[in-house]
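Residue numbers (the UniProt record's numbering), protein chains in the order written: chain V, 1 to 313; chain E, 1 to 270.
Below is one structure, written out as structure tokens; comments come after it.
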């Protein structure tokens, strides 16, 4: 939302006299207008000599606010959007797909939590190759924060017999190395404006951030709340992208030693309210496979577990 | 004569009770909300850690409200009124809601657990009574609140029904962002963007909205309770009073522990 001065060009009623009236009440931007009691504001405007013009200005600001907010949808419209636009993307790991009733849901943020070597990055790489393989012309954005992206591993997941196919898969996966949260914000905002301007066959289906916790943990701690604010904003930005552009988001969260040495997710309580689905991964050394269990899901009971094997090992 | 008419009063207690039960009907909700007598005008907060079924309780309450009392000779026990769901967590799953609604319709028809047989027309009618808006930040939340009155007027006209329930999931979603954006402004009388000014405006807008659209408000709030449960609740109670026009609060424990306390005007119904 914008300062009133910048709205002058497109909105003739928000002229300099209206602006100076607003400034006398401490209102310099649309945000300020939202924070103030507009009934009181209208009552003051009533007593001004040019009250008609001011009221028209208020009406104009209201129409700007009305354009900014999300629409009020009813259940049928929501359901229609979900069934038509929010598809399920198979990750290629049978155990995980089975557990999630098909795979990653578009419009949702799925989180993988687990200690080192529990298979988080492998699941990400397999999901990237599987989405890029099955949905031809559909892109995967891979935000790599710890230099763990491996094109060789992606190639392992693709059937090597088809040389063309491998090239198609690779062409659909875009990897960006990002080492701090501000760069991630820039990449995501850039992506958002690109997607808004060019809708077409080259649509992004999946964004992977491996791992998001290594971007966020350095800024947490201390007495300030800015770290938490950035974390929550990053979560909301990812959820907004997921919902508005019908894509799935997959992030990973490493574990750290908690009280009494019990491992706990690096991003803890505040982050918990961000992901739609949270999966806990662990290594099953006896069977040389991996375990996955549901920590949070809207329709599958938490605690449900499955095994999966990373193929191509 | 004038005085006489004034003494006679406008209506008898009986009339008033009947009028009230029509204007402000009492809705029997599913557990755990069945233990609190909730009416239009009340503000209830559900407090609990993540995965303590806060959103689930909201969904069940919403379904009770959108279902009709009776339909084609089957008793559903609902109100047939509208519900507004303001999603600040942005995690609401309509497919989950739809499944639960189908199950409730099936239950009332004596078809336990069968979600594939249901009354299509009733289902669509109920789904249309559920109104949903999502907000990605506190300014969009304020913008939605400020314009909700006009939007509701339009919807109420087209649906020939009024809103009974307003739900907010969850009220503290932007706590950290608002806290971090509290900075001092150079201009003296400009309201700064802070946690306090945002929550004050939210409370003010909600009060105003409740005057124009009398409804029951249920909000959820996520807290991490841990083992220090008793202390936390005390702290919460003192913490909440300033920010909220709150009459009731239900803290929930983790869903696995299934313990529940209900705080009603400072008393604990255990």
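Ideal Cβ positions, reconstructed from N, Cα and C, are used throughout, including at glycine.
Practice prompt. Please compile the residues from chain E whose C-beta is within a distance smaller than 7 Å of the C-beta of residue 264/V.
Written response: The premise fails here: residue 264/V is roughly 12 Å from chain E at the closest Cβ pair, so nothing lies under 7 Å.
Discussion item. Within 8 Å, do at least three Cβ pairs link the stretch 15 to 28 of chain E to the stretch 118 to 133 of chain E?
Written reply: no
Worksheet item: Counting Cβ pairs, one atom from each stretch, are 3 or more of them under 8 Å apart for the stretch 78 to 96 of chain E and the stretch 154 to 168 of chain E?
Response: yes
Item to complete: Grab me the residues of residue 33/V's own chain with a C-beta within less than 7 Å of its C-beta, minus the 5 sequence neighbours each way, in chain order.
Response: 27 and 61
Worksheet item: Tell me, which residues are paired with residue 71/E by DSSP?
Response: 74/E
Worksheet item: When burial is assigned at 16 or more other CB atoms within 10 Å of the CB, is residue 238/E buried or exposed?
Response: Any reading at residue 238/E is ruled out, since the residue's pLDDT is 42, under 50, leaving its predicted position unreliable.
Worksheet entry | Endpoints, alpha helix (DSSP H) assigned at residue 59/V | 51 to 68
Discussion item. Can you check which of these residues, 219/E, 203/E and 221/E, is closest to residue 37/V by C-alpha distance?
Written reply: 203/E
Item to complete: Give the C-beta separation of residue 114/V and residue 237/V to the nearest angstrom, bearing in mind that I take them to be a contact with Cβ-Cβ under 8 Å.
Response: Contact flag wrong, Cβ pair sits at about 24 Å.
Worksheet item: Per DSSP, residue 81/V is paired with what?
Response: None; residue 81/V has no bridge partner.
Practice prompt. Alpha carbon to alpha carbon, how far is residue 154/E from residue 223/E? Give it in angstroms, no decimals.
Written response: 36 Å
Worksheet item: According to DSSP, is residue 220/E helix, strand or coil?
Response: strand
Worksheet entry | Local conformation of residue 126/E per DSSP, three classes | helix
Discussion item. Between the alpha carbons of residue 240/V and residue 3/V, how many angstroms are there, rounded?
Written reply: 24 Å
Worksheet item: With a CB to CB cut of under 8 Å and the five nearest residues on each side skipped, what residues in its chain are close to residue 158/V?
Response: 129, 133, 165, 166 and 169
Discussion item. Helix, strand or coil for residue 153/E? Go by DSSP, reduced to three states.
Written reply: helix
Worksheet item: chain V beta carbons: is any one of them nearer than 7 Å to that of residue 94/E?
Response: yes
Practice prompt. Using a cut-off of 9 Å between C-beta atoms, extract the partners of residue 155/E located in chain V.
Written response: 72 and 74
Discussion item. Rounding to the nearest angstrom, what Cα-Cα distance links residue 84/V and residue 246/V in this structure?
Written reply: 10 Å
Practice prompt. Starting from the beta carbon of residue 68/V, find every residue of chain E whose beta carbon is closer than 9 Å, and list them in chain order.
Written response: 139, 140 and 143
Worksheet item: Taking only beta-carbon atoms, is residue 233/V less than 7 Å away from chain E?
Response: yes
Worksheet item: Would DSSP call residue 92/E helix, strand or coil?
Response: coil
Worksheet item: Who are the near neighbours of residue 54/V in its chain, counting only those whose CB is closer than 7 Å to its CB and skipping five residues on each side?
Response: 18, 21, 45 and 48
Practice prompt. Confirm, please, whether the CB-CB distance from residue 265/V to residue 252/V is below 7 Å.
Written response: no
Worksheet item: Can you name the residues of chain V whose CB is closer than 8 Å to the CB of residue 124/E?
Response: 76
Item to complete: Please name the residue in 103/V, 296/V, 206/V and 93/V whose C-alpha comes closest to that of residue 143/V.
Response: 206/V
Item to complete: Report the neighbours of residue 225/V on chain E: residues whose CB is nearer than 7 Å to its CB, in chain order.
Response: 176, 179 and 180
Worksheet item: Nearest-angstrom Cα distance between residue 235/V and residue 275/V?
Response: 8 Å
Worksheet item: What's the gap between the Cα of residue 153/V and the Cα of residue 305/V?
Response: 26 Å
Worksheet item: At which residues does the beta strand (DSSP E) containing residue 265/V begin and terminate?
Response: 263 to 265
Practice prompt. Could you list the residues in the stretch 76 to 103 of chain V with a C-beta less than 7 Å from some C-beta on chain E, going in chain order?
Written response: 76, 78, 79 and 82
Worksheet entry | Minimum Cβ-Cβ distance from residue 192/V to chain E less than 7 Å | no
Worksheet item: Does DSSP put residue 292/V in a helix, in a strand, or in coil?
Response: strand
Discussion item. Would residue 131/E pass as an interface residue toward chain V - the criterion being a Cβ-Cβ separation below 7 Å?
Written reply: yes
Fill in: Residue environment, residue 3/E, which counts as buried when at least 16 other CB atoms sit within 10 Å
exposed
Worksheet entry | Members of the stretch 75 to 93 of chain E that neighbour chain V once the beta carbon cut-off is set at 7 Å | 89, 90, 91 and 93
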